[in-house]
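In this note's numbering, the protein residues as written are 61 to 626.
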RNA sequence: UGUCCUGUGGUGUAAUUGGCAACACGUCUGACUCUGGAUCAGAAGAGUCCAGGUUCGAGCCCUGGCAGGACAACCA
């Protein structure tokens, strides 16, 4: 079913990275080989920003007939967990990408990295520093002021080797020693000022267990991992641009041919009204501002999946936004546009009433019922039709009735005739209210001749309403989501915490909604269009007795827009 | 008082070896419609951060400014 829509996807847009790879290919680099990798740290769940990177890296492999590895950058056991390793693999697969047998970990290279460190020590290019973190940091200078050298910088290779071996053996306390590269404390590039290579961490690693007491820094592991995996193009985000000279310095010490991964940086994704920092997302999860990493309000892949987004829509989005070095801000509405576009083509239509108002068809025989034919998806004839039960008592949307309608309101009102979709023309005769003056019920009459929704005399109505038969409807809980933050750039305020912009109305639970019986056997993640309302999918929280739907995104609503602008 | 990166309609991206700025979203019209959805037709909206220069001709090249971002974790 998704095959036909997938093949319709327009040819992927090109970008400056594609262009540079094409140039490399033209120059015969790497014997025409193209090999990328997606290198997440397993310290949190993947989010829509990662999706951009995943689509880019796997997309390059697809486009150039190359390969793309999945590699976990797991050099910091204090923050990394197996749960994240698993969720990341699930999410990448769900997005539709395959790393085949090329699943790697930076920890696969711990031995090699350690050996390389010893080699650098022997060559006099690395040394053990006994100073504490604060001292080292002070000596490092600032971006505008050069640093100065550590008193331990000129130890002999023998002494360094001895110390590093003892660090490795666990003889020292955490923080007491580090191994540093001997490069240039006066370099205008901070990263070249004798960067730390290894630190002592007596932590349990999710893969290597308690084997190591020292762990390599990311900067010392990342470039070499790419090198050892034969990566030709190391795609990463802008902030690593300044790290490139350091990565190249390491590879210079290592390489035995002219092969070297080429690092190309691009701008990470920023979306309006959302935060993209794993640290901040973790904070929301830990402090229970949301219900877990897969809360449908989260910009995580798992959250979007639960919300009802499809892999296709995310891939299309990612293609649409392009890839550049400009650090911009994408409007979330573009993401929403992408789901609507896809769901419109594939979603099963169904009628559901979120905010029920009872309607009694007074001239419809009591106890009678019938089935009317409805189209499953007007965008896809092959999806066929279904039967929808009709009876004397119905529910319609409260918003579809107004006692004193304004000029441009086309829906039901006293004395007015409208169409019930696929059913009959009905006219409102009486408005029943309770003692508080609240409308509890509408009494209408129907025109039997208009069965199916057309009147034989060619009479027109201005509105078509969705409805549901009271006795046949499935009762459901519906969760309506709004943006998690009510500020365009919640993380962009220096003096205000991003949590101050949390939208208190980001989740609205409607406990008593009525959906046509068709959804009875729906499975979690099945998506629907509730006609005239939006796209919804069944949540994992559903049980056999209770259906729970998430609203993925509302339909475009020009009526609401009109009202707002007035 | 450093190094590196970036600067095209509201937003995001295009523009073959320099040849009078294109596309998508959004916005606004209108058509159609048993979803105020979708679809279709059309419109408005930038003269490419600024100033010089090279050139018959510059968003693309040069010079100088200006603006924004990144870099000072034993994080990645």
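Backbone N, C-alpha and C fix where the C-beta goes; we use that ideal spot for every residue, glycine too.
Extract the residue ranges of the beta strand (DSSP E) inside the stretch 348-428, only unbroken runs of 3 or more that lie entirely within it. 408-410, 416-421
For a quick check, are the C-beta atoms of residue 33 and residue 450 less than 8 Å apart? Since the displayed the chain opens at 61 and closes at 626, residue 33 lies outside it and no answer follows.
For the beta strand (DSSP E) that contains residue 612, what are its first and last residues? The residue you call residue 612 lines up with position 552 of the first chain. Unbroken beta strand (DSSP E) run through residue 612: 607-614.
Is the beta carbon of residue 409 closer than 8 Å to that of residue 591? Position 531 of the first chain, counted from the start, is the residue given in the question as residue 591. Position 349 of the first chain, counted from the start, is the residue given in the question as residue 409. Yes.
Exposed or buried, residue 623, counting other C-beta atoms within 10 Å across all chains shown (16 or more means buried)? Numbered from 1 along the first chain, position 563 holds the residue referred to as residue 623. Around the Cβ of residue 623, a 10 Å sphere holds fewer than 16 other Cβ atoms; the residue is exposed.
With contact counted as at least three CB pairs below 8 Å, one residue from each stretch, are the stretch 414-431 and the stretch 503-518 in contact? yes
Bridge partners of residue 538, per DSSP? Mapped onto the first chain, residue 538 falls at position 478. Residue 538 is bridged to 570, 609.
Following a CB-centred definition, is residue 129 positioned closer than 7 Å to any heavy atom of the ligand SAH? The ligand SAH is not among the ligands present in this structure, which contains no ligands whatsoever.
For residue 601, name the three-state secondary structure that DSSP assigns. To locate residue 601, count along the first chain from 1; it is residue 541. The answer is coil: DSSP assigns residue 601 none of H, G, I, E or B.
Which residue comes first and which comes last in the beta strand (DSSP E) that contains residue 285? For the purposes of this step, residue 285 is identified with residue 225 of the first chain, where counting begins at 1. Where residue 285 is concerned, there is no enclosing beta strand (DSSP E), although the alpha helix (DSSP H) it sits in stretches over 278-288.
For residue 80, which residues from the same chain have a beta carbon less than 7 Å from its beta carbon, with the 5 sequence-adjacent residues on both sides left out? Translated into positions along the first chain, residue 80 becomes position 20. Residues of the same chain with a CB within less than 7 Å of the CB of residue 80, apart from the 5 flanking positions on each side, are 324 in chain order.
Contact check, residue 177 vs residue 306, beta carbons under 8 Å: The count along the first chain starts at 1 and reaches residue 177 at position 117. The count along the first chain starts at 1 and reaches residue 306 at position 246. No, they are not a contact pair.
Whose C-beta lies closer than 7 Å to the C-beta of residue 613 among residues of the same chain, with five residues either side of it excluded? As a working note, residue 613 is residue 553 in the first chain. So the list reads 396, 399, 400, 594, 595, once near-sequence residues are dropped.
If I measure Cβ to Cβ from residue 615 and keep anything under 6 Å in the same chain, skipping five residues before and after, which residues do I get? Within the first chain, the letter at position 555 stands for residue 615. If we look at residue 615 and ignore the five residues flanking it on each side, its Cβ neighbours are 594.
DSSP three-state assignment for residue 619, whether helix, strand or coil: Taking the first residue of the first chain as position 1, residue 619 is located at position 559. If DSSP states are grouped into helix, strand and coil, residue 619 belongs with the helices.
Under 8 Å, do residue 405 and residue 441 count as touching if we go by C-beta distance? For the purposes of this step, residue 405 is taken as the residue at position 345 of the first chain. For the purposes of this step, residue 441 is taken as the residue at position 381 of the first chain. Result no, Cβ atoms of residue 405 and residue 441 do not sit closer than 8 Å.
Under a Cβ-count criterion, where at least 16 other Cβ atoms within 10 Å of its own Cβ denotes burial, should residue 492 be classed as buried or exposed? In the first chain, counting from the first residue as 1, residue 492 sits at position 432. With fewer than 16 other Cβ atoms within 10 Å, it is exposed.
If I follow the unbroken beta strand (DSSP E) through residue 186, where does it start and stop? Stepping through the first chain from its first residue, residue 186 is reached at position 126. Run containing residue 186: 186-189, per the beta strand (DSSP E) assignment.
What distance in whole Å lies between the Cβ atoms of residue 240 and residue 45, which are believed to be in contact at a cut-off of 8 Å? The displayed coordinates of the chain run from 61 to 626. Any statement about residue 45 would go beyond what the structure contains.
Quick check on DSSP: helix, strand or coil for residue 595? Residue mapping note: residue 595 aligns to position 535 of the first chain, counting from 1. Strand at residue 595.
Would you call residue 198 buried or exposed, if buried means 16 or more other Cβ atoms sit within 10 Å of its Cβ? For the purposes of this step, residue 198 is taken as residue 138 along the first chain, with counting starting at 1. It is exposed - the Cβ of residue 198 has fewer than 16 other Cβ atoms within 10 Å.
Spatial neighbours of residue 120 within its chain, please: CB distance less than 8 Å, with the 5 preceding and 5 following residues excluded, ordered by chain position. Locating residue 120 in the first chain gives position 60, counting from the first residue. Once the five neighbours on either side are set aside, the close Cβ partners of residue 120 are 77, 78, 81, 94, 96, 126, 128, 293, 295.
Ignoring anything shorter than 3 residues or poking outside the stretch 198-252, list the beta strand (DSSP E) runs there in chain order. 238-241
Following the continuous alpha helix (DSSP H) through residue 80, name the residue where it begins and the one where it ends. If you number the first chain from 1, residue 80 lands on position 20. Note, residue 80: alpha helix (DSSP H), 76-86.
Extent of the continuous alpha helix (DSSP H) to which residue 153 belongs: As a working note, residue 153 is residue 93 in the first chain. Looking at the DSSP string, the run of the alpha helix (DSSP H) that includes residue 153 is 142-154.
Are residue 487 and residue 476 touching if we call contact CB-CB under 8 Å? Residue mapping note: residue 487 aligns to position 427 of the first chain, counting from 1. Residue mapping note: residue 476 aligns to position 416 of the first chain, counting from 1. Yes, these two residues count as a Cβ contact at 8 Å.
Does the stretch 96-108 come close enough to the stretch 130-145 that 3 or more CB-CB pairs lie under 8 Å? yes
For residue 128, write down the residues that DSSP places opposite it in a beta bridge. The residue given as residue 128 occupies position 68 in the first chain. BP columns for residue 128 point to 96.
Is it buried or exposed for residue 287, if we count other Cβ within 10 angstroms and need 16 for buried? The sequence position of residue 287 within the first chain is 227, counting from 1. For residue 287, the number of other beta carbons within 10 angstroms of its own is at least 16, and it is reported as buried.
Just to check my reading of the structure: residue 330 and residue 374 have Cβ atoms closer than 8 Å, yes? What is that Cβ distance to the nearest angstrom? Your numbering for residue 330 matches position 270 in the first chain. Your numbering for residue 374 matches position 314 in the first chain. With 8 Å as the limit, residue 330 and residue 374 do not qualify as a contact, their Cβ atoms being about 16 Å apart.
Just the C-alpha distance for residue 427 and residue 419, rounded to the nearest angstrom, thanks. For the purposes of this step, residue 427 is taken as residue 367 along the first chain, with counting starting at 1. For the purposes of this step, residue 419 is taken as residue 359 along the first chain, with counting starting at 1. Cα-Cα distance, rounded: 15 Å.
Write down every uninterrupted run of the beta strand (DSSP E) in the stretch 443-499 whose length is 3 residues or greater and which is fully enclosed by it, in chain order. 445-451, 453-457, 477-480, 485-493
Buried or exposed for residue 394, going by 16 or more other Cβ atoms inside 10 Å? In the first chain, counting from the first residue as 1, residue 394 sits at position 334. Exposed: under 16 other Cβ atoms inside 10 Å.
Beta-carbon gap between residue 413 and residue 457 smaller than 8 Å: On the first chain, position 353 is the one that residue 413 refers to. On the first chain, position 397 is the one that residue 457 refers to. Result yes, Cβ atoms of residue 413 and residue 457 sit closer than 8 Å.
Going by the CB atoms, is the gap between residue 545 and residue 333 shorter than 8 Å? For the purposes of this step, residue 333 is taken as the residue at position 273 of the first chain. For the purposes of this step, residue 545 is taken as the residue at position 485 of the first chain. Cβ distance < 8 Å, so residue 333 and residue 545 count as in contact.
Tell me where the beta strand (DSSP E) around residue 122 begins and ends. Counting from 1 along the first chain, the entry for residue 122 is found at position 62. Segment 108-123 is the alpha helix (DSSP H) holding residue 122; no beta strand (DSSP E) there.
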